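*Asks:*
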Amino acid sequence: MIEVNIVGTGNVAWHLAKALGAQNNAVVMQVAGRSQASLEPFKHMARHTVTINNLTAADVTIIAVSDDMIAQVSEQIPFDNTLVVHTSGYTAMSTLSRKHKKGVFYPLQSFSKDDVSLHFAEIPILVEAENDEDEKTLRELASMISDTVQVINSAQRRQLHLAAVFANNFTNHCYTVAQDICDQYEVDVKTLHPLILKTAQKALENGPTNSQTGPAKRGDKEVINKQLDLLENPDHKDIYNTLTKAIYTTYGKKL
């Protein structure tokens with residue numbers, strides 16, 4: 001049985017507490033937050049909810065807070081020489097306080113508390129530790145809730161997180177631009193849903209480089225210039241220009 005503490009009350013903490021709390025070989029001993037109000041939703045997921053200064057040691061203490069707070073929260077944990085990990089994709093393991101045995105427990109996914117369709121078994125968990133024993137503990141814990149567990153170092157994880165920003169955050173912003181265009185001209189954005197799903201499916205099955213289509217891939221300058229004229233929002237025009245130039249370059253064409 002692996003005893004776990006979770007420090008934080010945000011989206012990642014919520015889903016970790018829910019997933020780990022459902023396991024037979026792990027127990028969420030404590031969830032710690034800044035206030036009792038923030039801890040209220042976690043009362044049914046952990047044996048105890050506490051403020052950070054009242055934490056007691058567990059086998060693994062998971063810090064699930066924003067990147068800029070990891071170092072500070074790590075220093076505030078009121079015990080030492082136990083395994084403490086963070087859940088950040090970007091932050092180095094070395095950011096954690098030297099008083100702890102350090103590790104990383106990074107679930108690579110975009111989280112929101114109201115996402116009832118999320119299945120943790122489908123989420124890759126990337127782990128890192130300072131020694132083989134702690135790495136084994138993290139792999140064992142991760143394997144309880146995920147079918148995909150990988151050991152990678154901080155440099156690899158940082159690059160993977162960067163790739164995820166392109167694959168998720170930037171792509172989602174393009175969906176927002178598409179929504180804005182549809183709303184402006186009173187077109188139902190749901191008409192794009194089959195295209196969005198097919199684009200993702202083709203990228204996964206055939207690879208994104210092999211699946212690229214569109215006027216930039218074809219080098220169709222006439223269509224490109226006409227579409228630029230249609231864009232009234234200068235930010236949208238900048239995005240169109242930047243992505244068009246990137247696609248041109250990727251496929252060996254010149255503007």
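FYI, UniProt numbering numbers position 170 of the sequence shown as 170, with every residue one higher than the one before it.
Think of the CB as a built atom: it goes at the ideal place given N, C-alpha and C, for glycine as much as any other residue.
Source: prediction; values computed, not measured.
#1: Thr9: which of His119, Thr49 and Asn24 sits nearest, CA to CA?
#2: Can you tell me which of the three DSSP states Tyr240 falls into?
#3: Is Tyr106 helix, strand or coil by DSSP?
#4: Quick check on the burial criterion: 16 or more other C-beta atoms within 10 angstroms. Buried or exposed for Leu126?
#5: Closer than 8 Å by C-beta to Ser112: which residues in its own chain qualify, once you throw out the five before and the five after it? Chain order, please.
#6: Any idea if Pro234 is buried or exposed, counting beta-carbon neighbours within 10 angstroms, 16 or more meaning buried?
#7: For Lys217, which residues of its own chain have a beta-carbon under 7 Å away from its beta-carbon, when the five flanking residues on both sides are left out?
#8: Sort out for me which residues DSSP pairs His48 with in a bridge.
#9: Can you tell me the Cα-Cα spacing of Leu162 and Asn210, whole angstroms?
#10: DSSP puts Thr61 in a beta bridge; with which residues?
#11: Out of curiosity, what's the CA-to-CA distance linking Met45 and Gly21?
#12: For the alpha helix (DSSP H) holding Ala142, just list the boundary residues, first then last.
#13: Pick helix, strand or coil for Ala22, following the three-state DSSP scheme.
#14: Could you check whether Val165 and Gln179 sit closer than 7 Å to each other, using their CB atoms as the reference points?
#15: How many Å lie between Pro194 and Pro78 at the Cα?
#16: Beta-carbon separation of Leu108 and Ser74 under 7 Å?
#17: Is it the case that the Cβ atoms of Ile2 and Ala13 are separated by a distance below 7 Å?
#18: Tell me whether the beta-carbon of Leu138 lies closer than 7 Å to the beta-carbon of Gly89.
#19: Please report the residue range of the beta strand (DSSP E) in which Leu197 lies.
#20: For the alpha helix (DSSP H) that Ala155 lies in, which residues bound it at each end?
#21: For Ala17 versus Val28, is the C-beta distance shorter than 7 Å?
#22: Can you tell me which of the three DSSP states Glu232 falls into?
#23: Mind checking which residues open and close the beta strand (DSSP E) that includes Val127?
#24: Could you check where the beta strand (DSSP E) with Gln150 kicks off and where it finishes?
#25: Have a look at the DSSP bridge pairing and note the partners of Lys101.
#26: Please report the residue range of the alpha helix (DSSP H) in which Lys217 lies.
*Replies:* Once the coordinates are examined:
#1: Against the sequence shown, residue 9 aligns to sequence position 9. Considering only alpha carbons, the answer is Thr49.
#2: Along the sequence shown, read from residue 1 onward, the residue named residue 240 stands at position 240. Helix at Tyr240.
#3: Translated into positions along the sequence shown, residue 106 becomes position 106. If DSSP states are grouped into helix, strand and coil, Tyr106 belongs with the strands.
#4: Residue 126 sits at position 126 when you count from the first residue of the sequence shown. It is buried - the Cβ of Leu126 has at least 16 other Cβ atoms within 10 Å.
#5: On the sequence shown, residue 112 is found 112 positions in, with the first residue counted as 1. So the list reads Asn11, once near-sequence residues are dropped.
#6: As a working mapping, residue 234 is identified with position 234 in the sequence shown. It is exposed - the Cβ of Pro234 has fewer than 16 other Cβ atoms within 10 Å.
#7: Here residue 217 refers to the residue found at position 217 when the sequence shown is read from its first residue. Closer than 7 Å at the Cβ level, and outside the excluded window around Lys217, lie Ile247 and Tyr251.
#8: Within the sequence shown, residue 48 is the residue found at index 48, counting from 1. Gln30, per the DSSP bridge assignment.
#9: Position 162 of the sequence shown, counted from the start, is the residue given in the question as residue 162. Position 210 of the sequence shown, counted from the start, is the residue given in the question as residue 210. About 22 Å.
#10: Numbered from its first residue, the sequence shown carries residue 61 at position 61. Paired residues: Asn5 and Val84.
#11: Here residue 45 is taken as the residue at index 45 of the sequence shown, counted from 1. Here residue 21 is taken as the residue at index 21 of the sequence shown, counted from 1. Taking the straight line joining both Cα atoms gives about 6 Å.
#12: Within the sequence shown, numbered from 1, the residue matching residue 142 stands at position 142. Counting along the chain, the alpha helix (DSSP H) containing Ala142 begins and ends at Asp132 to Ile145.
#13: For the purposes of this step, residue 22 is taken as residue 22 along the sequence shown, with counting starting at 1. In the structure shown, Ala22 sits in coil (DSSP, three-state: anything other than H, G, I, E or B).
#14: Along the sequence shown, one-based indexing puts residue 179 at 179. Along the sequence shown, one-based indexing puts residue 165 at 165. No; because the gap between Cβ atoms is not below 7 Å, this pair is not in contact.
#15: If you number the sequence shown from 1, residue 194 lands on position 194. If you number the sequence shown from 1, residue 78 lands on position 78. For Pro194 and Pro78, the distance between alpha carbons rounds to 52 Å.
#16: Looking up residue 108 in the sequence shown gives position 108. Looking up residue 74 in the sequence shown gives position 74. Going by C-beta atoms, Leu108 is not nearer than 7 Å to Ser74.
#17: One-based indexing of the sequence shown puts residue 2 at position 2. One-based indexing of the sequence shown puts residue 13 at position 13. No, Cβ-Cβ distance for Ile2 and Ala13 is not below 7 Å.
#18: If you number the sequence shown from 1, residue 138 lands on position 138. If you number the sequence shown from 1, residue 89 lands on position 89. Not in contact: Leu138 and Gly89 (Cβ atoms no closer than 7 Å).
#19: Taking the sequence shown and counting its residues from 1, the one referred to as residue 197 is at position 197. That residue, Leu197, is in no beta strand (DSSP E); its alpha helix (DSSP H) goes His193 to Asn206.
#20: The sequence position of residue 155 within the sequence shown is 155, counting from 1. Taken as a continuous stretch (DSSP letters only), the alpha helix (DSSP H) holding Ala155 covers Ser154 to Ala164.
#21: For the purposes of this step, residue 17 is taken as residue 17 along the sequence shown, with counting starting at 1. For the purposes of this step, residue 28 is taken as residue 28 along the sequence shown, with counting starting at 1. Yes.
#22: What you label residue 232 is simply residue 232 of the sequence shown in a count that begins at 1. Reduced to three states, the DSSP call for Glu232 is coil.
#23: For this step, residue 127 is matched to residue 127 along the sequence shown. Here the beta strand (DSSP E) through Val127 covers Ile125 to Ala129.
#24: Working through the sequence shown from its first residue, we reach residue 150 at position 150. Here the beta strand (DSSP E) through Gln150 covers Val149 to Val151.
#25: Here residue 101 refers to the residue found at position 101 of the sequence shown. In DSSP, Lys101 forms a bridge with Leu83.
#26: As a first step, residue 217 is located in the sequence shown; it is residue number 217 there, counting from the start. Note, Lys217: alpha helix (DSSP H), Pro215 to Arg218.
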